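Here the structure comes first, spelled out in structure tokens, and everything after it is commentary.
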Amino acid sequence: MKISMSALVLAVPLVLTTLTGCSMNDDTSATGADGTSDSGSDGVRSAGTSTSRDASDAMERVSSGIYDLIGVKGRASDSRPGVQACPGKDRDTHFQIFHQWSFYPASASDLGPAMQHLKEKLPQHGWKIVEYGPDTSRNKNTVMIADNDAKKAGVHITQMEKRNPPKLSLMVVSGCYQVPEGQKVDHF
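So the sequence shown is numbered by this note's numbering: it starts at 140 and just counts up by one.
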């Protein structure tokens with residue numbers, strides 16, 4: 140079954156809300172020089188200032204780091220990050236980066252070990268697992284959600300054993316960036 144672009148457009152805000160609704164936005168001790176919180180009133184944590192192209196490159200490096208932790212042979216889908224407006228912010232000056240990709244193990248029997256490697260290794264690399272367990276689907280797919288405050292990113296990983304072929308589905312999402320003064324977000 141192919142996923143249409145409209146289905147992806149509808150799913151991205153839900154995943155972004157889920158990811159950025161975790162611990163990335165509940166750190167009330169993070170304050171700026173003016174004493175204000177790193178989180179906006181919308182609850183999405185600030186990721187700093189960047190162009191959307193530079194932030195996209197950074198998000199690909201985050202995804203690549205996650206890929207390196209999988210620890211089993213296989214291949215990743217060929218996808219590029221995209222740009223999403225930050226909730227409650229001006230879409231010309233604020234944005235989030237999302238990178239949806241899949242990992243297909245060389246052997247279906249390696250899917251479980253791939254997820255287990257991520258569960259063990261993500262925390263060793265600055266990630267905090269905030270949710271782990273079966274989802275509510277008929278297949279009861281295993282889901283892991285993790286945040287990395289240093290990278291200002293979150294990841295939602297779904298282990299899809301009953302898919303043909305079996306895969307890990309990953310959605311990596313940044314916090315909310317602001318473009319440099321005088322620039323606009325490059326939406327892609």
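Idealized CB from N, CA, C, for every residue including glycine.
This structure is a prediction, so every number in the text was calculated from the model and none was measured.
Nearest residue (CA-CA) to residue i, options the options
i, options, result
"E320", "D231, Q235, R219", "D231"
"G314", "A292, Q322, D229, I268", "A292"
"M299", "D249, S191, H326", "D249"
"V312", "D286, R302, K301, K323", "D286"
"V183", "D288, Q322, K301, A215", "D288"
Residue span of the alpha helix (DSSP H) that contains residue i, given as start and end
i, result
"E259", "250–260"
"V269", "It is not in any alpha helix (DSSP H) - V269 instead sits in the beta strand (DSSP E) that spans 267–273."
"G204", "191–208"
Neighbourhood of residue i by C-beta, 8 Å cutoff - its chain only, sequence neighbours within 5 removed
i, result
"E199", "R219, P220, H238"
"D325", "T190, S191, R192, V222"
"V282", "E270, Y271, G272, P273, D274, H295, I296, T297, Q298"
"K323", "D231, T232"
Extent of the continuous beta strand (DSSP E) to which residue i belongs
i, result
"V312", "306–313"
"G221", "221–223"
"I284", "281–287"
"S185", "185–188"
"A247", "Taken as a continuous stretch (DSSP letters only), A247 belongs to no beta strand (DSSP E), as it is neither H nor E."
"G213", "213–215"
Own chain, CB closer than 6 Å to residue i, minus 5 neighbours either side, in chain order
i, result
"P304", "Y243"
"E270", "I284"
"V211", "P244, D249, P252, A253"
"S195", "P220, I236"
"A224", "R230"
Test: residue i CB closer than 8 Å to a CB of chain D
i, result
"F234", "Looking at the structure shown, chain D is missing, and only one protein chain is on hand."
Same chain only: Cβ atoms within 7 Å of residue i, ignoring 5 sequence neighbours per side
i, result
"I209", "F242, A253, H256, L257"
Sufficient close CB pairs (3 or more, under 8 Å) joining the segment 273–280 to the segment 258–265: no
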